[in-house]
Amino acid sequence: MNQNVNADRLFLGSCFALITTAFSFAIRAGILPQLGEEFGLSAEQLGFINSMWFYGFPIAMIIGGLVYHSVGPRIIMMVAFLMHTLGIIMTIYSGGYNGLLLSTLFIGIGNGCTEAACNPMIADAYAGQKMNKMLSRFHMWFPGGIVLGSLISLAMTTMGLGWQAQIWIILIPTIIYAILFWGQAFPKAQVEGATSLSENFRGMVNPLFIFIFLAMALTAISEFGPQQWTAIILSKSGAEPLLILALVTGLMAVGRFFGGPVIARFGQTGVLLGSAIFTTIGIYMFSSVTGSMAYVAAILFALGVCYFWPTMLGFVAEKVPLSGALGLSLVGGMGMFSTAIFQPIIGSWIDNHRADMAAQGLSGDALELAAGQATLLNMTTFPIILIVAFTILLFWVRSRNAKGKHGLPESEVLQQPQL
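According to our numbering, the sequence shown holds residues -7 to 411 in order.
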């Protein structure tokens, strides 16, 4: 561990910074219906607002990954605090569509700075198995924070508190992480080669990296698409949308905590293929069931998307290590960028299905349910493509490993996860 660095305090601050990210995701998802009603916004316009959260995230992640070793995590987290605070205040006093677009972009930039700074900072603050454990526990707080944020938003909505009061809640973990980081020494890089951008770029000229980079676009939207639109799509299904979101993210947090044995048993490619299958089943059930069965769909969906994000990043870290922190930032950025692109598309799907269903004579709750479920059926396209892609990857990895057992140099053999 770096001398004079209070690693545990930095870790705690990182967790509260990620909770801020999770709160901004969950609470904004919960208040979408209120924003649409108060400002007279269509689902497509709400989609563009959502997309700003996902555009800001990858922009900040990529820039942060490029400058991490030159400016350090302290400056990046100062930018994160500034963006979070501005975004929260501007959201509350936005006054309409354009203000919501800009404020959501600022919050997204703050979230991306958090990811860009905290992942390598935790890796540098700890060593060996403790580093792996602390990184896993850090990533628990995105789904864990979404659970807390969803329940807080539900409780405040039930009590009749407006969306402005709910947005103020996001400022609480923001202030806490700023206090925890204030005046602290930050760790230096433990691996000298990790600071070489030229080596990072050389490592990314690799078929495996390119494959995962492209696949990340689909795994991310498969995870975030249904979750971000839960309140809109499932509001008339007979299930409580925010409870669905809390159930999904709660199971994700637990699953990630115990992810090591699962990956050890099935391998990274096996887990990715299984995740695509469960995600497809879960989204399809969302598109066809109502009432209590929606909670069963949520369980299957959670089992599917639970391991997508960490396993994709773990695959890059293990199979393409030369790509370094920049490679991880680019893959994560691709996931968020893809999600941003698809947000208004999903919103337009809802609007178009509403028009089609209304033309067929549906109205009221029946109209909203039919339009929402038709949109979810569209979303099954993403994980279905992944089933095909990860099946190809699984057989390719097994083929390479089999060749390695017959005399290929060790450097040409894809290694199985070391957990």
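Ideal Cβ positions, reconstructed from N, Cα and C, are used throughout, including at glycine. Treat the numbers as computed from the prediction; the structure is a model and nothing was measured.
- For threonine 77, the closest of Lys228, Ala170, Pro25 by C-alpha to C-alpha distance is Ala170.
- With contacts defined as CB atoms closer than 8 Å, alanine 268 and proline 199 fail to qualify as a contacting pair.
- Approximately 5 Å separates the beta-carbon atoms of leucine 385 and threonine 261; this is inside 8 Å, confirming the contact.
- Counted as a single uninterrupted DSSP element, the alpha helix (DSSP H) harbouring asparagine 111 occupies residues 89 to 117.
- If you check the CB distance, proline 135 and alanine 290 do not come in under 8 Å.
- Of all alpha-carbon atoms in Cys105, Pro218, Leu94, the one lying nearest the alpha-carbon of arginine 66 is that of Cys105.
- In the displayed model, proline 165 falls within a helix according to three-state DSSP.
- The beta carbon of phenylalanine 73 sits closer than 7 Å to the beta carbons of Thr166, Ala170 from its chain, once the five residues preceding and following it are set aside; these are given in chain order.
- Counting the other CB atoms within 10 Å of its CB gives arginine 194 a total below 16, which places it among the exposed residues.
- Going by beta carbons, glutamine 26 and isoleucine 84 fall outside the 8 Å limit.
- In terms of Cα proximity to serine 86, the closest of Glu30, Cys298, Leu140 is Glu30.
- From the listed residues Pro336, Glu360, Ser6, Gly28, the smallest Cα separation to glycine 217 is found for Pro336.
- With a minimum length of 4 residues, the unbroken runs of alpha helix (DSSP H) contained wholly in the region 284 to 359 fall at 285 to 297, 300 to 311, 316 to 351.
- In the DSSP annotation of this structure, the continuous segment of the alpha helix (DSSP H) that includes threonine 271 starts and ends at 251 to 278.
- Counting other Cβ atoms within 10 Å of its Cβ, threonine 150 stays below 16 and is therefore classed as exposed.
- Between the alpha carbons of alanine -1 and leucine 143 lies a gap of roughly 30 Å.
- Close CB contacts of isoleucine 81 within its chain, under the 7 Å cut and outside five residues either way in sequence, are absent.
- Around the CB of phenylalanine 278, 16 or more other CB atoms lie within 10 Å, so the residue is classed as buried.
- The straight-line gap separating the alpha-carbon atoms of threonine 271 and leucine 4 is approximately 32 Å.
- In this structure, methionine 75 lies near isoleucine 101, with their beta-carbon atoms less than 8 Å apart.
- Collapsing the DSSP output to three states places glycine 64 in a helix.
- When DSSP states are grouped into helix, strand and coil, asparagine 198 belongs to the coil group.
- Taking glutamate 36 as the centre and dropping the five residues before and after it, the same chain places the C-beta of Pro336, Gly339, Ser340, Asp343 closer than 6 Å to its C-beta, in chain order.
- Annotation: leucine 295 to leucine 163 spans about 31 Å, alpha carbon to alpha carbon.
- Your pair alanine 309 and leucine 320 checks out as a contact, with CB atoms roughly 7 Å apart and the cut at 8 Å.
- Exposure of asparagine -4 is indicated by the presence of fewer than 16 other C-beta atoms within 10 angstroms of its C-beta.
- Counting along the chain, glycine 5 sits inside the alpha helix (DSSP H) bounded by residues -1 to 31.
- For phenylalanine 300 against glutamate 215, the beta-carbon gap comes to about 6 Å, under 8 Å, which counts as contact.
- Under the 10 Å beta carbon count, tryptophan 221 is surrounded by 16 or more other beta carbons and is classified as buried.
- Sorting Gly230, Arg20, Ala108 by C-alpha distance to the C-alpha of glycine 324 places Ala108 at the top.
- Straight-line spacing of the CA atoms in glycine 252 and histidine 131 works out to 13 Å.
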